[in-house]
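Respectively, the protein sequence lines represent chains A and B.
At position 305 of the first sequence the residue is numbered 305 (our numbering), and the sequence of numbers has no breaks.
Heads up: take any position in the second sequence, counting from 1, add 1000, and you land on our numbering.
Cβ atoms here follow ideal geometry from the backbone N, Cα and C, with glycine treated the same way.
All figures in this text were calculated on a predicted structure; none of them were measured in a lab.
Number of protein chains: 2
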Amino acid sequence: MAIDTAFTELSSFLGDRISRSKPVLDQHGGSETHFAPAPPDIVVWPKDTSEISRILRICNQAGIPVIPFGAGTSLEGHTSATKGGVCLDMARMNRVLSHDPGDMIARVEAGLTREELNHELRAVGVFFPVDPGANATLGGMAATRASGTTTVRYGSMRQNVLGLTVVLADGRVIRTGSQAPKSSSGYDLTALFLGSEGTLGIITELTLRLHGQPEEIRAGICAFPDMASAVGAVQQVIQMGLSIARIEFVDDATARAFNQYAGTEMAECPHLLVEFHGSPVAVSEANTLFDEISQDFGATGYEHATKTEDRNALWKIRHHAFYAVQSLRPGAHALVTDICVPISKLADAVEETRDDIEASILPGPILGHVGDGNFHAILLIDPESPEELAVAKDLAERMSRRALALGGTITGEHGIGMGKLHLMAEEHGDGWAVMGDIKSALDPRNILNPGKLVPQGT
Amino acid sequence: MAIDTAFTELSSFLGDRISRSKPVLDQHGGSETHFAPAPPDIVVWPKDTSEISRILRICNQAGIPVIPFGAGTSLEGHTSATKGGVCLDMARMNRVLSHDPGDMIARVEAGLTREELNHELRAVGVFFPVDPGANATLGGMAATRASGTTTVRYGSMRQNVLGLTVVLADGRVIRTGSQAPKSSSGYDLTALFLGSEGTLGIITELTLRLHGQPEEIRAGICAFPDMASAVGAVQQVIQMGLSIARIEFVDDATARAFNQYAGTEMAECPHLLVEFHGSPVAVSEANTLFDEISQDFGATGYEHATKTEDRNALWKIRHHAFYAVQSLRPGAHALVTDICVPISKLADAVEETRDDIEASILPGPILGHVGDGNFHAILLIDPESPEELAVAKDLAERMSRRALALGGTITGEHGIGMGKLHLMAEEHGDGWAVMGDIKSALDPRNILNPGKLVPQGT
Ligand SMILES: Cc1cc2nc3c(=O)[nH]c(=O)nc-3n(C[C@H](O)[C@H](O)[C@H](O)COP(=O)(O)OP(=O)(O)OC[C@H]3O[C@@H](n4cnc5c(N)ncnc54)[C@H](O)[C@@H]3O)c2cc1C
Ligand SMILES: Cc1cc2nc3c(=O)[nH]c(=O)nc-3n(C[C@H](O)[C@H](O)[C@H](O)COP(=O)(O)OP(=O)(O)OC[C@H]3O[C@@H](n4cnc5c(N)ncnc54)[C@H](O)[C@@H]3O)c2cc1C
């Protein structure tokens, strides 16, 4: 069998960095989400670009699927090995190759996590801003075009990746972008690989844009009488162009979940969490303005803090929200929705979604990066109940269609994977066919993460 | 002949918006630059997307080249009809379709110029920031991934285009992106068409990101004893993360040219021109800091202004620089170079370039968007002298190689066209072949602006 031959061939140079043991395979094909487990046939842990090039040459020749695997935190079945094949676990490629605070850039290997990177950068007064809640790898974040709480100020992976080293399906290695801040040199291959979900090439190294630690950071939280007021305040803040580094929404159900999870005594109503970065003058100016705007929308009890430990305590609410919500229904699987709309449509999108969930049988707290028009409902479903899964899928689908109707997108940051394939034609029309044409041109044997993102050939 | 048949067919629905008259053809195939004129066979002025779709269907069927044409201000032979064909002049598609200050976005037709757009937006307190010196069309700016003086603060076209309507080679129409601020929905087709120089599709409409008019704007200028000090100050300003909206460099030769051109009495030494946008407090804070930094680097005579007419007078120096420099040598052609390097390498790049030009026979004032590490030398050549052209090309090539050696790119904003084709393999390696594969996938008959950007097949 092709896979046995490949195993022998790969073993010859990977030593103990290859495995076919069932627990390892399961761990790489499983999922905390609602997708059925689909383990690969082999897992490998490459240690550098040239090894990956060699692996791809072998797999391409033999027509064996290759599924890159970062931290496995993606939410749409992205790393499922639905056609078997070789899972490329990037964990051993986790070095910071260089960082140059003079140019505010760092070169890193794709298996490095963002927390590891920021840990290493702390000493030199710079940081990498993109933070999906999970401790994802930078390669995985690039591959899903991830964003996070600070995107409203610093941008997503799209704005913070200057260049990539990529191994193509046939094993060729290319370097995209440069270390210069901008370029008009040909097609933007960096942007093409960002968000390509492992279907066009394996990202092995990244050149990242860093940012200086702000002179002052102030975080704050306030409670709103209802969802409409909180979202109204967000719209106002964004439309005024207030300089804000984070503005996050959690609804009453999320606040309730957090109280239960962490033993806190938050008011069980919708909240906004904010953060300001800059000079003390600028921060205090923005902070005052935010306080005024939120009061105009009925907010009460605005608390704010500049000390690191106080800020961290405050952000715990947001960073633990996912786990807090999950703990509302122990043993449940989560279907996490993810739409993004123009800011003027945020109130419509959030409220229609809330009404739709409330009319259903499922719990589904809402929270999100509202400064970007992006929010999630975390639908909790009994893993044994196909009915609940069907209800959740219907809710999610209606959310996506609502986003499209409002001029938005079916995914703000999580990506397509398998979970949103069926909505791609609705969002992109013939543009989806163009994506398929690009895929065929770059990966003619369809070995790279097959079954994801692009139209599935016949 | 195919072209005659096409002319008849196109005339049937374009009425008087089609021409074969020699002056019209010459005007669309000529150039103020050093490239030999190469007029198309036909010029058409389509009025909407569906007409362009119809034109492309006809040309694709017949294998006739189609060259999109905005304002014709590009500098690398981009719009040369080296293989004849149909020039698609976008001038009649110049409407603002909608603008929504609530979402800070505008939808426009691709033939609209940035000045027309900003004229229309002024009344509502918002603006579109990207400004190449020339009054280019927004379609042309998208197609070259243009940037300008404000890119250091607001980004280039890459950061300010949310979505596009594109007609593909075979006439299909796609819409890329959405009106939401971000998305992870599949390959980033918007980014792929940005910078594609008319080789992948015709951009007919754009969704643009707008910005609020800053509460206060302050512009300033100061003189430096030498180039090294001016560039040193820029590096310091950028590395400190000072919030600056513009920071432009002109060398002593440019100052001299401007004095001659405009009858002013600037000190004939290197200058920085800057601008700050924000709240009065923030602007004054940044202004003071800049003044201090520049003095540390030996700057003198810092003048600054907030009134519109004073600021405009000041920016005239930068905006007329190209024409002032050209007037140094009446009748000369300009070869405008355009490299971009990491900010830490700016001093090396600028000084080596200056030395190289000074050792040559040509005048070549240097100026640029130094906050992005981007600068130009304007090499003035006698159009009758092949020797001078050869010297200029050698200088330009050495600049490009210097940029690559310093981790930069051969073009910060002007693009590839024909002029930099021969350097693409050096910058991109196999990445250039990947660009060719994408081109073949999307335009298999190679009708879209042939001879530009991608590897030229055999
Ligand atoms: C609690 C929680 C909160 C989250 N919050 C956010 C959020 O705020 N914002 C956000 O954007 N996402 C969020 N996510 C989703 C997830 O964290 C992101 O999608 C993340 O970017 C995935 O990174 P990863 O390293 O886990 O990648 P994986 O899940 O391992 O892989 C993701 C995809 O990228 C591909 N891939 C991985 N590495 C490479 C590589 N080196 N080269 C090519 N392809 C590769 C994989 O094949 C797969 O298709 C959240 C997830 C959880 C569980
Ligand atoms: C004095 C001067 C100063 C300049 N300064 C700058 C600067 O600061 N920054 C900068 O970026 N550039 C600068 N340029 C270069 C030029 O202005 C830019 O490249 C500009 O973006 C070109 O726009 P245009 O409308 O003139 O396009 P054109 O020159 O008409 O076309 C440019 C390219 O885009 C293609 N194209 C045009 N319209 C479309 C469309 N609708 N769909 C698809 N493809 C299309 C063309 O085929 C061609 O390949 C300068 C030029 C001059 C003369």
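- Taking 4 residues as the minimum length, the alpha helix (DSSP H) runs contained wholly in the stretch 1043-1069 of chain B are 1049-1062, in order along the chain.
- What Ala347 of chain A touches in chain B, judged by beta-carbon distance under 9 Å, is nothing: the nearest beta carbon there is about 11 Å away.
- Around the Cβ of Ser1196 of chain B, a 10 Å sphere holds 16 or more other Cβ atoms; the residue is buried.
- In the same chain as His1304 of chain B, and ignoring 5 residues on each side of it, the C-beta atoms closer than 7 Å to its own belong to Arg1218, Ala1219, Gly1220, Asn1287, in chain order.
- For Leu138 of chain A, the CB stays at least 6 Å from every heavy atom of ligand 2.
- Residue pairing by DSSP places Ala1305 of chain B opposite B:Ala1219 in a beta bridge.
- Short of 6 Å from the beta carbon of Pro1450 of chain B, and not among the five residues preceding or following it, lie these beta carbons of its own chain, in chain order: Pro1065, Lys1083.
- Put simply, the stretch 1367-1381 of chain B does not touch the stretch 1435-1450 of chain B. Fewer than three CB pairs are less than 8 Å apart.
- The beta-carbon of Met157 of chain A is placed no less than 7 Å from the nearest beta-carbon of chain B.
- Note that the C-beta distance between Ile1357 of chain B and Gly1364 of chain B is below 7 Å.
- Not one heavy atom of ligand 2 is found less than 6 Å from the C-beta of Ala134 of chain A.
- In this structure, Ala1110 of chain B has its CB closer than 6 Å to one or more heavy atoms of ligand 2.
- Relative to ligand 2, His1078 of chain B has its C-beta within less than 6 Å of a heavy atom.
- Interface with chain A (7 Å Cβ-Cβ cutoff): Ile1174 of chain B is included.
- Within the model, the alpha-carbon separation for Val281 of chain A versus Val1281 of chain B is close to 8 Å.
- Boundaries of the beta strand (DSSP E) harbouring Phe375 of chain A: 374-381, taken from the DSSP string.
- Not flagged as an interface residue toward chain A: Cys1059 of chain B, since no C-beta distance is shorter than 7 Å.
- The DSSP-derived three-state label of Ala1106 of chain B is strand.
- For Ile1203 of chain B, the distance from the CB to the nearest heavy atom of ligand 2 is below 6 Å.
- Nearest in C-alpha terms to Ala180 of chain A, of all of A:Ala169, A:Gly163, A:Leu189, A:Asp170, is A:Gly163.
- For Tyr1187 of chain B, the chain A residues whose Cβ falls inside 7 Å of its Cβ are Leu192, Gly195, Ser196, Met435, Ile438, in order along the chain.
- Annotated three-state conformation of Ile238 of chain A is helix, per DSSP.
- DSSP places Val370 of chain A in the helix class (H, G or I) of the three-state scheme.
- Under the DSSP assignment, Arg329 of chain A falls outside any beta strand (DSSP E); it carries neither an H nor an E label.
- Burial check for Tyr187 of chain A: the Cβ neighbour count within 10 Å reaches 16 or more, so the residue is buried.
- At a threshold of 6 Å, Ala1245 of chain B does not count as near ligand 2, since its beta carbon sits no closer than that to any of the ligand's heavy atoms.
- Taking 4 residues as the minimum length, the alpha helix (DSSP H) runs contained wholly in the stretch 188-217 of chain A are 189-193, in order along the chain.
- In chain order, Val44 place their CB closer than 7 Å to the CB of Leu14 of chain A, counting only its own chain and leaving out the 5 sequence neighbours on each side.
- It is roughly 47 Å from the alpha-carbon of Gly412 of chain A to the alpha-carbon of Val1325 of chain B.
- Taking C-alpha positions only, Leu389 of chain A is separated from Ile202 of chain A by approximately 33 Å.
- Under the Cβ distance rule, Ser1184 of chain B counts among the residues neighbouring chain A, one pair being separated by less than 7 Å.
- Non-local C-beta neighbours of Thr1137 of chain B in its own chain, meaning closer than 7 Å and more than five positions away in sequence, comprise Gly1070, Ala1071, Met1090, Ala1110, Gly1111, Leu1112, Thr1113, ordered along the chain.
- Around the CB of Pro1129 of chain B, 16 or more other CB atoms lie within 10 Å, so the residue is classed as buried.
- Neighbours of Val1341 of chain B across chain A, judged by C-beta separation under 7 Å: Ala180.
- Residue nearest to Ile238 of chain A within the set B:His1319, B:Val1231, B:His1211, B:Gln1239 is B:His1211 (criterion: CA-CA distance).
- DSSP places Leu1097 of chain B in the uninterrupted beta strand (DSSP E) bounded by 1096-1100.
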